[in-house]
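Residue numbers (our numbering): 598 to 783.
Every residue gets a Cβ at the ideal spot worked out from N, C-alpha and C, and that includes glycine.
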């Protein structure tokens, strides 16, 4: 008998065999995560934020915005489908015909009951490890957005905006971009 136990970690090759069933399938550290399709509020927030980002980024020619379902291959054992992502023009070589190969500059996850813990803990650590420069956690229930920004090799809370405070969403990654949260959450 071999002294080494057989690895049960899944890889991108296994991931490609998952069914196209309307659910979101992801690999984190070789473990399979599956969540149901998002609810209406989640999709409205996602669409509004994606449209605002896409309009600004395309006009300024800053890079590319992509939305789920879309694969981000961080490694052979880490494949995620963030709600939204931005890749700067300078780093556009990581975009392939099939997916993104590497860490986007900005990842946006929109919380739901089914994804809250995974988004706030598991994915936060994963994105930090792979060097995603900025990570936004959007909470449609509380109508807030939390921004985490890499400082060295760790995330630091950069900002927290709320609809109630009539805050404007901004980021140094997108100079001049400013979006009233009321436009996302109303």
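Item	Value
Answer yes if the segment 750 to 766 comes into contact with the segment 690 to 709, meaning at least three C-beta pairs across the two stretches below 8 Å, and no otherwise.	no
Below 8 Å on the Cβ atoms is my contact criterion, and I expect residue 682 with residue 663 to pass it. Report the Cβ-Cβ distance as a whole number of Å.	5 Å
Helix, strand or coil for residue 639 per DSSP?	helix
Helix, strand or coil for residue 767 per DSSP?	coil
Below 7 Å between beta carbons: does that hold for residue 665 and residue 680?	yes
Locate the alpha helix (DSSP H) running through residue 611, then write down its first and last residues.	609 to 612
Please report the distance separating the alpha-carbon of residue 779 from that of residue 741.	10 Å
Once DSSP output is grouped into helix, strand and coil, what is the label at residue 719?	helix
Check residue 700 in the structure and name its three-state DSSP category.	coil
Around the C-beta of residue 690, are 16 or more other C-beta atoms found within 10 angstroms, so that it is buried, or is it exposed?	exposed
Are there 16 or more other CB atoms within 10 angstroms of the CB of residue 729, so buried, or fewer, so exposed?	buried
Residues in its own chain within less than 7 Å of residue 620 by CB, not counting five upstream and five downstream?	631, 632, 633, 634
Which partner residues of residue 761 appear in the DSSP bridge assignment?	DSSP, once it has assigned bridges, lists no residue as partnering residue 761.
Does the beta-carbon of residue 768 have 16 or more other beta-carbons within 10 angstroms, so that it is buried, or is it exposed?	buried
Per DSSP, which residues does residue 693 bridge with? Please list them.	DSSP output for residue 693 lists no bridge partner at all.
For residue 696, which of 614, 676, 734, 747 has the nearest alpha-carbon?	676
Put residue 731 into one of helix, strand or coil per three-state DSSP.	strand
Assign residue 772 to one of two classes, buried (16 or more other C-beta atoms within 10 Å of its C-beta) or exposed (fewer than that).	exposed
Spell out the partners DSSP gives residue 748 in its beta bridges.	751
Are the Cβ atoms of residue 607 and residue 626 separated by less than 7 Å?	no
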